[in-house]
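The opening position of the sequence shown corresponds to residue 70 in our numbering, with each subsequent residue numbered one higher. Working notes, structure below.
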Amino acid sequence: MHEKTLYIETVGCQMNLLDSELVVAALRKKGYRLVDAPKKADVILFNTCSVRQHAEDKIYSALGRLKHAKKHNPQKIIGVLGCMAQKDQKLIFQRAPFVDLIVGPGQLHRVPELIEEIQRTAGASVPRMEVSLDRSGGSRDEVESSFESYDPLRDPEMRPSPYQAFLRIMIGCDKFCTYCIVPSVRGPEQSRPPQHILTEAKRLASEGCREITLLGQTVNSYRHRTAGETTRLSDLLNQLHEIEGIDRIRFITNYPKDMTRDLLEAVRDLPKVCRYLHVPLQSGSDRMLKRMKRSYTVGEYREMLACIRETLPDASVTSDFIVGFSGETEEDYQQTVDFVKEARFKNSFIFKYSPRQGTKGFELYEDDVPDEIKRKRNNDLLAVQNAISEEDNQPFIGQEVEILVEGPSKKQAKRPSEQTEPLQLTGRTTCDRIVVFDGSKRQIGQILPVRIYDANGFTLFGSVVTHHVGPEVYSLA
Ligand code: 5AD
Ligand code: SF4
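The following block contains the structure:
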């Protein structure tokens, strides 16, 4: 029998990485093998992102490059999954008529069956599209049930690391920030029942997973009600903390307004919960925050940050920023720079505003900041942040930190032929700092003490603290 092959390309956030992992696992059950190039594949899938125009352009040009491959081999199945599938829907067929399959993020469970259908009707070349309802396409219940949380039990072999896993605790978003397409492409906010989350976490632990990262667009808004009882993220953390085998729990991404005291106290009191909080501020100007409909002021964010620093003095806090949002003046931008200097985030992700059709921002406001100004603000803010990141990493020099060893460093991974030990490995501290050190393959998946001897803005460099200091450690491998 001809072995079926699959190529998948993923852009976007951790939700997308998890979705791709699950789609691949489902197709492997159907006999597919992953390959590393589209030309080797019977089925080519793109799991897409719509948060910024650039991410969409990348996919449309990748699709353009496949036009000839499809002409050459009409049996090849080309599919577009995820947020852009939900946002552009039939438009994708218009721009790339050779696409066979379009599946939104709320319908991913249907991918294997849809591929089979297309194969059965080969020759008739009937394209298939499965997307969820638009936010105004039915009652809240109807729209909600058209978005299904896609969380089948996974094939442990398919996880990128056996020791780490993403675990979705909610889908969708109801905040409707004016720049953001997520509430329309990922649908209404829905929290998964705690029992489902606990069962999945226990199963991951039994497969050897030591670190779970809970995912939600606004993960700290998690709230599940059954039989008069409400479970919040703090409750969930307490329950997950009991699971033997799970040593670390992370959660991303947080909404500032929902950063409640009970949550911070849960993080403080539960040693397995990592000292790392990603809480995007987006802008340091109240005028911009209002236009973005972020529902908090800079002053309120400052208070929240003070509360984090008081409750969790050793936690690192990171943020996202959008520069060049509609109407952003030099003064607004300067307020963002000032706040970044004041807040001393561990790091910040900075984006140029990209207007998204289907958002309130697109409808109401003109994209009036020229691209070169956006670019300059982006670069300048990044430079300010990077200098802070570098300064704040210096005190780690000479300190001992604990890391979960994840695998070969990026540099080592680029030289797969050079496998002689010591290997350059990488791991992360509880506060999400990347540590690079020389070690042995056997250490992957372990939680180890490392002494830091150097640091830049992105990485700490260290060596494992061991009683067997010296090269004989490595000869044990
Ligand atoms: N343009 C630029 N950045 C955006 N983000 C969300 N929507 C847009 C947009 N239209 C950024 C926000 C968010 C991160 C995931 O992406 O900063 O926190
Ligand atoms: Fe988008 Fe705002 Fe929801 Fe985040 S909170 S996903 S930025 S709408």
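We treat Cβ as the ideally placed atom computed from N, Cα and C, and that holds for glycine.
- Boundaries of the beta strand (DSSP E) around T495: 492-497.
- For the stretch 462-531, the full-length alpha helix (DSSP H) segments reaching 4 residues or more read 479-482 along the chain.
- For the options L202, C278, I315, A165, the alpha carbon positioned closest to that of G241 is the one of L202.
- For G148, the closest C-alpha among the options D111, L350, D407 is that of D111.
- Rounded to the nearest whole angstrom, the C-alpha separation of V212 and G175 is 10 Å.
- In this model, G476 and Q512 are separated by some 8 Å (Cα to Cα).
- Pairing G526 with S458 gives a Cβ-Cβ distance under 8 Å.
- Around G467, the same chain offers R520, I521, Y522 as residues with beta carbons nearer than 8 Å, after the five sequence neighbours per side are excluded.
- Within the chosen limit of 7 Å, ligand 2 does not reach the beta carbon of Q493 with any heavy atom.
- Annotation for P424: G430, F431, D436 place their beta carbon closer than 7 Å to its own, counting only its chain and skipping 5 residues before and after.
- Beta-bridge analysis with DSSP links S417 to S388.
- Judged by the Cβ position, K244 qualifies as a neighbour of ligand 2 at the 7 Å threshold, a heavy atom of the ligand being closer than this.
- One alpha carbon belongs to I187, the other to G256, and they sit about 27 Å apart.
- Ranked by how close their Cα comes to the Cα of D157, the residues I146, F167, C118 have C118 in first place.
- Straight-line spacing of the CA atoms in G496 and V168 works out to 40 Å.
- In this model, G285 and I321 are separated by some 6 Å (Cα to Cα).
- For V149, the pairing in a beta bridge is given by DSSP as F115, I171.
- In terms of Cβ geometry, V534 and G508 do not form a close pair [threshold 8 Å].
- For T287, the CB falls within less than 7 Å of some heavy atom of ligand 2.
- The distance from the Cβ of R237 to that of R261 is about 7 Å, consistent with a contact at the 8 Å cut-off.
- When DSSP states are grouped into helix, strand and coil, R344 belongs to the coil group.
- Taking C-beta separations shorter than 8 Å and ignoring five residues to either side along the sequence, the partners of K139 in its chain run K145, I147, F167, following chain order.
- Scanning its chain for C-beta atoms nearer than 7 Å, with the 5 sequence neighbours on each side dropped, one finds around L87 the residues F235, R237, L284, in chain order.
- Here DSSP, grouped into helix, strand and coil, assigns I238 to coil.
- In chain order, the residues with a C-beta atom nearer than 6 Å to some heavy atom of ligand 1 are V120, R121, Y248, C249, P349, Q351, D389, I391, F420, Y422, S423, R425.
- L305 carries a helical assignment under DSSP once its states are collapsed to helix, strand and coil.
- Counting of Cβ neighbours within 10 angstroms places T387 among the buried residues, the total reaching 16 or more.
- When DSSP states are grouped into helix, strand and coil, I128 belongs to the helix group.
- When secondary structure is reduced to three states using DSSP, E397 falls in the coil class, being assigned neither helix nor strand.
- DSSP places I161 in the uninterrupted alpha helix (DSSP H) bounded by 159-164.
- Across the structure, E298 and M373 are spaced so that their CA atoms are roughly 27 Å apart.
- L222 is classed as exposed because its beta carbon has fewer than 16 other beta carbons within 10 Å across all chains shown.
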